[in-house]
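J.: Okay, handing you the structure first.
Protein chains: 2
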Amino acid sequence: MPKPQITIKDIARELEVSVSTVSRALNDSPDLSKATKQRVQDYAKLHHYNPNFLALSIKKRESTVIGVIVPQVTHHFFASVVEGILEVADREGFSVLLFRSHEEYDKEVRSVQRLLSSRVCGVLTSVAKETTRYDHFQELVDNDIPVIFFDRICVDIQSNRVVIDDYAGALSATEYLIKTGCKRISFFCSPMHLEISKNRRGGYVDALRKHGLPVDNDLIKICDNYDDAIPVATEMLQSENRPDAFFAVNDETALGILHASKLLHLKIPDEVSICGFTDGFAAIASDPQLTTVGQNGFDVGVSAMELLVERIRSNGEPMLKNRIIRTKLVVRETTR
Amino acid sequence: MPKPQITIKDIARELEVSVSTVSRALNDSPDLSKATKQRVQDYAKLHHYNPNFLALSIKKRESTVIGVIVPQVTHHFFASVVEGILEVADREGFSVLLFRSHEEYDKEVRSVQRLLSSRVCGVLTSVAKETTRYDHFQELVDNDIPVIFFDRICVDIQSNRVVIDDYAGALSATEYLIKTGCKRISFFCSPMHLEISKNRRGGYVDALRKHGLPVDNDLIKICDNYDDAIPVATEMLQSENRPDAFFAVNDETALGILHASKLLHLKIPDEVSICGFTDGFAAIASDPQLTTVGQNGFDVGVSAMELLVERIRSNGEPMLKNRIIRTKLVVRETTR
DNA sequence: GTGAAAGCGCTAACAG
DNA sequence: CTGTTAGCGCTTTCAC
């Protein structure tokens with residue numbers, strides 16, 4: 004195990020003062036002679052004294068560590084969110100304990116457990132796809148640990164939320180497809196128990212209705228990744244009454260559809276329009292470049308963390324403030 | 004601040020036993036009657052007792068938290084590494100404090116400071132591009148905190164390393180380009196003070212030499228991202244003696260080159276071959292799909308964390324064990 | 001101005 | 001088998 008770092012006690016012994024004096028000096032307490040204060044501070048600097056955060060938290064009953072649980076780190080959106088969180092955390096003096104649920108309920112529960120044991124002062128999370136019970140999150144709330152959900156929120160828990168405007172994003176994307184002449188628009192989305200699916204579907208459906216197009220359930224598929232999208236899209240595109248447009252829940256899925264379309268030698272965007280959701284680097288790398296709903300993960304992370312900091316500083320007042328991060332339709336080459 | 008969670012003391016009071024009895028029961032100590040043990044454990048479970056890790060670490064002078072500093076989270080390779088680390092951490096019972104240096108020296112130093120104060124039991128890191136002094140890392144070592152460098156290692160510090168086989172990866176990629184008939188192969192890489200640049204350059208140069216091709220410094224550019232690659236590649240491709248192949252330090256750069264080539268209506272791969280390094284999702288999304296040197300970030304993370312765990316468990320014996328993660332050339336469509 | 005002492009949650013001798 | 005006690009690093013009354 005690491006050898007113990009220098010402590011306030013060591014300094015006290017060496018300088019022949021009491022520990023309280025050292026403590027006061029390091030905290031820049033006003034009632035202390037300039038001389039001793041300086042002496043202590045110099046010694047501390049010279050010997051690389053680092054305050055022991057563990058002792059601090061345990062004593063003051065408050066920590067500066069927050070917990071973050073994301074489904075997956077290798078996912079452009081979540082990675083951006085984490086970046087945003089880290090950015091604010093650094094600025095505001097917090098550290099981040101990171102966990103990933105890997106979309107599994109068990110891992111999520113275990114992570115929450117560790118967060119509780121680590122006595123974090125707040126938690127930011129996006130729930131796993133598998134999760135349908137929320138007792139673990141409730142336990143955080145019961146212990147007065149502020150929880151902020153982002154993106155994949157949990158409606159059953161009373162807490163703050165940061166969501167991207169899924170409904171509006173889906174609505175405007177679908178409307179754009181309609182306006183450019185598409186009539187049979189398919190929608191590829193994640194499992195329906197996720198709020199994000201419901202909202203995006205809502206935007207999609209409302210756009211169709213608004214423009215007098217029928218809502219055909221055969222055009223709505225539960226499919227949200229590259230590999231699965233290829234066969235599903237291929238089958239649809241080979242049917243007699245094939246869709247002339249696809250709106251997918253993320254870029255990976257959209258690119259899977261694009262791939263399938265190319266294999267069938269369909270002209271993009273003339274015969275088939277495709278729109279994704281995320282706007283990661285892959286959207287630029289593809290050819291034709293992908294039209295997609297830009298989802299600013301960084302801003303989501305920043306907002307979520309700012310909300311959390313505000314709540315921690317306000318002494319945990321359970322303010323009912325949520326944030327909606329606007330999306331932006333980025334029109335590129337897979338739509339007319 | 005969060006209300007204090009239930010403690011061993013609370014349990015002791017409630018059950019009218021001493022704290023040591025509770026402690027022993029919760030640690031499943033052998034010398035304790037089954038009855039009391041059960042009684043305590045039941046009560047603890049019922050009331051959601053969570054051991055206070057802070058108190059534990061401070062008492063036992065060892066923590067189960069490790070620190071990770073990466074330059075950037077939104078970078079497929081680093082995100083994968085973090086995933087790998089989290090995977091092993093979860094399995095082995097560690098938590099991860101994550102920091103990002105954002106390629107800045109100052110942020111890196113600050114992160115190390117916090118890690119020191121957080122009394123982590125080990126650190127995994129890949130150094131920032133800006134960093135040229137290593138005192139902060141040395142301080143970790145001086146405090147007997149095991150440090151494992153991955154990818155962007157630091158040769159000045161005596162510690163363990165996990166690197167991907169940059170030299171071999173670059174060598175085989177360049178050889179492949181040569182074998183498929185390319186004669187003027189350009190190399191786009193990161194700043195030369197990074198080990199990774201030196202090694203990849205070494206592989207590139209040696210491949211040229213081995214096959215009797217001249218090493219032309221005009222063909223070697225310091226350029227490692229999508230946006231910068233476009234103008235630089237464009238200029239080269241318009242020169243009279245243009246390259247017939249490009250080998251880039253990462254996929255983003257390679258895709259920038261690809262983009263520039265397409266704008267000039269050059270046939271890929273007939274007139275220009277392109278090879279990247281990373282193999283992220285964008286390599287599949289692009290059209291033509293990118294030939295690239297697959298760099299398994301997940302394995303890097305797993306190996307680094309396993310090395311760290313081994314070292315922590317072996318009581319910090321400064322074993323001199325390094326790991327080299329093999330790369331794999333993934334031939335797709337941007338090479339002949 | 002400075003020190004002594006208590007206590008945060010927990011473990012680990014040392015007693016009994 | 002169980003309790004008492006000291007102490008991990010630190011802050012914070014309360015004295016002097």
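Protein sequence lines, in the order shown, are assigned to chains A and B. Take any residue in the first sequence, note its place counting from 1, add 3, and you have its number in my numbering. Take any residue in the second sequence, note its place counting from 1, add 3, and you have its number in my numbering. Here a beta-carbon is modelled for each residue, glycine too, at the ideal position from N, C-alpha and C.
(1) Please list the partners that E255 (chain A) has in chain B, where partner means a Cβ-to-Cβ separation under 9 Å.
(2) Can the beta-carbon of S175 (chain B) be found closer than 9 Å to that of V296 (chain B)?
(3) For I315 (chain A) versus L293 (chain A), is the C-beta spacing smaller than 9 Å?
(4) Examine chain B for any beta-carbon lying closer than 9 Å to the beta-carbon of Q44 (chain A), and answer yes or no.
(5) Residues of chain A with a CB under 7 Å from the CB of K6 (chain B): which are they?
(6) Below 8 Å on the Cβ atoms is my guess for L101 (chain B) versus L118 (chain A); work out the distance and round it to an integer in Å.
(7) From the beta carbon of K110 (chain B), is the nearest beta carbon of chain A less than 9 Å away?
(8) May I ask you to list, following chain order, the residues of the stretch 45 to 70 of chain A that have a beta carbon less than 7 Å from some beta carbon of chain B?
(9) Is S121 (chain A) close to chain B? Criterion is C-beta to C-beta, closer than 9 Å.
(10) Which whole-angstrom value describes the C-beta separation of F191 (chain A) and D227 (chain A), a residue pair presumed to lie in contact below a C-beta threshold of 8 Å?
(11) Looking at the secondary structure, which residues open and close the beta strand (DSSP E) in which R103 (chain A) lies?
(12) Less than 9 Å separating the beta-carbons of G87 (chain B) and G300 (chain B)?
(13) Can you tell me whether R164 (chain A) is helix, strand or coil according to DSSP?
(14) Where does P194 (chain A) land, buried or exposed, given buried means 16+ other C-beta within 10 angstroms?
(15) In the DSSP assignment, what residue or residues form a beta bridge with V296 (chain B)?
(16) Between the stretch 324 to 339 of chain A and the stretch 268 to 287 of chain A, can you find at least three pairs of beta-carbon atoms closer than 8 Å?
(17) In the DSSP assignment, what residue or residues form a beta bridge with L216 (chain B)?
(18) What residues of chain A sit near T177 (chain B), judged by a beta carbon separation below 8 Å?
(19) Give the single residue among A:V84, A:V165, A:K63 and A:D219 whose Cα lies nearest to the Cα of K186 (chain A).
(20) If the criterion is Cβ atoms closer than 9 Å, does the pair H50 (chain A) and I14 (chain A) meet it?
(21) Taking 9 Å as the threshold (C-beta atoms), are V150 (chain A) and T128 (chain A) in contact?
(22) By alpha-carbon positions, which one of B:A210, B:E95, B:T39 and B:I148 ends up nearest to G172 (chain B)?
(23) Would you please state the rounded distance, in angstroms, between the beta carbons of I271 (chain A) and T337 (chain A)? I believe it to be under 8 Å.
(24) Let me check understanding here. Comparing Cα to Cα, which of A:V166, A:F80, A:R155 and A:F250 lies closest to H196 (chain A)?
(25) Tell me, please, whether the CB atom of Q41 (chain A) is closer than 9 Å to any CB atom in chain B?
(26) Tell me whether the stretch 56 to 66 of chain A and the stretch 50 to 70 of chain B touch, counting them as touching only if at least three CB pairs, one residue from each stretch, are closer than 8 Å.
(27) Check for me: the alpha helix (DSSP H) holding V22 (chain B) runs from which residue to which?
(28) Who pairs with A251 (chain A) in a beta bridge, going by DSSP?
(29) With distances taken Cα to Cα, identify the nearest neighbour of L311 (chain A) among A:H105, A:I148 and A:I260.
(30) From the DSSP output, in three-state form, read off L267 (chain B) for me.
(31) One question on the structure: do V275 (chain B) and S264 (chain B) come within less than 9 Å of each other, judged by their Cβ atoms?
(32) Please classify V275 (chain B): does DSSP put it in a helix, a strand, or coil?
(33) Out of A:V303, A:I327 and A:E313, which one is the CA nearest neighbour of V85 (chain A)?
(34) Taking C-beta pairs closer than 8 Å, name the residues in chain A that E142 (chain B) reaches, listed in chain order.
(35) DSSP three-state label for I223 (chain A), please.
(36) For the beta strand (DSSP E) holding L127 (chain B), just list the boundary residues, first then last.
T.: Let's see:
(1) Here the question's residue 255 (chain A) lines up with position 252 in the first sequence. At a beta-carbon threshold of 9 Å, the residues of chain B lying near E255 (chain A) are F284 and A288, ordered along the chain.
(2) As a first step, residue 175 (chain B) is located in the second sequence; it is residue number 172 there, counting from the start. As a first step, residue 296 (chain B) is located in the second sequence; it is residue number 293 there, counting from the start. Yes.
(3) For the purposes of this step, residue 315 (chain A) is identified with residue 312 of the first sequence, where counting begins at 1. For the purposes of this step, residue 293 (chain A) is identified with residue 290 of the first sequence, where counting begins at 1. No, the pair does not count as a contact, with Cβ atoms beyond the cut-off.
(4) For this step, residue 44 (chain A) is matched to residue 41 along the first sequence. So, not an interface residue.
(5) On the second sequence, position 3 is the one that residue 6 (chain B) refers to. Simply N146 and D147.
(6) Numbered from 1 along the second sequence, position 98 holds the residue referred to as residue 101 (chain B). Numbered from 1 along the first sequence, position 115 holds the residue referred to as residue 118 (chain A). So it is not a contact: roughly 14 Å between Cβ atoms.
(7) If you number the second sequence from 1, residue 110 (chain B) lands on position 107. It does; some Cβ of chain A falls within 9 Å.
(8) Contacts with chain B (Cβ-Cβ distance below 7 Å) from the stretch 45 to 70 of chain A involve H51, N53, P54, N55, F56, L57, A58, S60, I61, R64 and E65, listed in chain order.
(9) Stepping through the first sequence from its first residue, residue 121 (chain A) is reached at position 118. Chain B, which has a Cβ nearer than 9 Å to the Cβ of S121 (chain A), makes this yes.
(10) Translated into positions along the first sequence, residue 191 (chain A) becomes position 188. Translated into positions along the first sequence, residue 227 (chain A) becomes position 224. Yes, F191 (chain A) and D227 (chain A) are in contact; Cβ-Cβ is about 7 Å, under 8 Å.
(11) For the purposes of this step, residue 103 (chain A) is taken as the residue at position 100 of the first sequence. Counting along the chain, the beta strand (DSSP E) containing R103 (chain A) begins and ends at S98 to R103.
(12) Start at 1 with the first residue of the second sequence, and residue 87 (chain B) comes out as number 84. Start at 1 with the first residue of the second sequence, and residue 300 (chain B) comes out as number 297. Contact: yes.
(13) Here residue 164 (chain A) corresponds to residue number 161 of the first sequence, with the count starting at 1. Three-state DSSP puts R164 (chain A) in a strand.
(14) The sequence position of residue 194 (chain A) within the first sequence is 191, counting from 1. By the 10 Å Cβ count, P194 (chain A) comes out exposed.
(15) The sequence position of residue 296 (chain B) within the second sequence is 293, counting from 1. Answer is B:F280 and B:L332.
(16) Contact between the stretch 268 to 287 of chain A and the stretch 324 to 339 of chain A is present, because at least three Cβ pairs lie under 8 Å.
(17) Numbered from its first residue, the second sequence carries residue 216 (chain B) at position 213. For L216 (chain B), which the question treats as bridged, DSSP gives no partner whatsoever.
(18) Reading the second sequence from its first residue, position 174 is the one you call residue 177 (chain B). Contact of T177 (chain B) with chain A by beta-carbon distance below 8 Å is absent, the smallest such distance being about 23 Å.
(19) Indexing the first sequence from 1 puts residue 186 (chain A) at position 183. Out of A:V84, A:V165, A:K63 and A:D219, A:D219 has the C-alpha closest to the C-alpha of K186 (chain A).
(20) Numbered from 1 along the first sequence, position 47 holds the residue referred to as residue 50 (chain A). Numbered from 1 along the first sequence, position 11 holds the residue referred to as residue 14 (chain A). Their beta carbons are under 9 Å apart, which means H50 (chain A) touches I14 (chain A) by this criterion.
(21) Residue mapping note: residue 128 (chain A) aligns to position 125 of the first sequence, counting from 1. Residue mapping note: residue 150 (chain A) aligns to position 147 of the first sequence, counting from 1. In contact: T128 (chain A) and V150 (chain A) (Cβ atoms closer than 9 Å).
(22) For this step, residue 172 (chain B) is matched to residue 169 along the second sequence. Closest option to G172 (chain B), Cα to Cα, is B:A210.
(23) For the purposes of this step, residue 271 (chain A) is taken as residue 268 along the first sequence, with counting starting at 1. For the purposes of this step, residue 337 (chain A) is taken as residue 334 along the first sequence, with counting starting at 1. About 6 Å separates the beta carbons of I271 (chain A) and T337 (chain A), which is inside the 8 Å limit, making them a contact pair.
(24) Taking the first residue of the first sequence as position 1, residue 196 (chain A) is located at position 193. When each option's Cα is compared against that of H196 (chain A), the closest is A:R155.
(25) Sequence index remark: in the first sequence, residue 41 (chain A) carries index 38 (1-based). Cβ-Cβ to chain B under 9 Å: no for Q41 (chain A).
(26) Contact between the stretch 56 to 66 of chain A and the stretch 50 to 70 of chain B is present: 3 or more CB-CB pairs across the two stretches fall below 8 Å.
(27) Counting from 1 along the second sequence, the entry for residue 22 (chain B) is found at position 19. V22 to L29 is the span of the alpha helix (DSSP H), which, as asked, contains V22 (chain B).
(28) Residue numbering aside, residue 251 (chain A) sits at position 248 when the first sequence is read from its first letter. Under the DSSP definition of a beta bridge, A251 (chain A) partners with A:F191.
(29) As a first step, residue 311 (chain A) is located in the first sequence; it is residue number 308 there, counting from the start. The residue with the shortest Cα to Cα distance from L311 (chain A) is A:I148.
(30) Mapped onto the second sequence, residue 267 (chain B) falls at position 264. Three-state result, L267 (chain B): coil.
(31) On the second sequence, position 272 is the one that residue 275 (chain B) refers to. On the second sequence, position 261 is the one that residue 264 (chain B) refers to. Going by C-beta atoms, V275 (chain B) is nearer than 9 Å to S264 (chain B).
(32) Mapped onto the second sequence, residue 275 (chain B) falls at position 272. Looking at V275 (chain B) - three-state DSSP - the assignment turns out to be coil, as it is neither helix nor strand.
(33) Taking the first sequence and counting its residues from 1, one reaches residue 85 (chain A) at position 82. The option with the nearest alpha carbon to V85 (chain A) is A:V303.
(34) For the purposes of this step, residue 142 (chain B) is taken as the residue at position 139 of the second sequence. Result: H51.
(35) One-based indexing of the first sequence puts residue 223 (chain A) at position 220. If DSSP states are grouped into helix, strand and coil, I223 (chain A) belongs with the strands.
(36) By 1-based counting over the second sequence, the position of residue 127 (chain B) is 124. Element bounds for L127 (chain B): V126 to T128.
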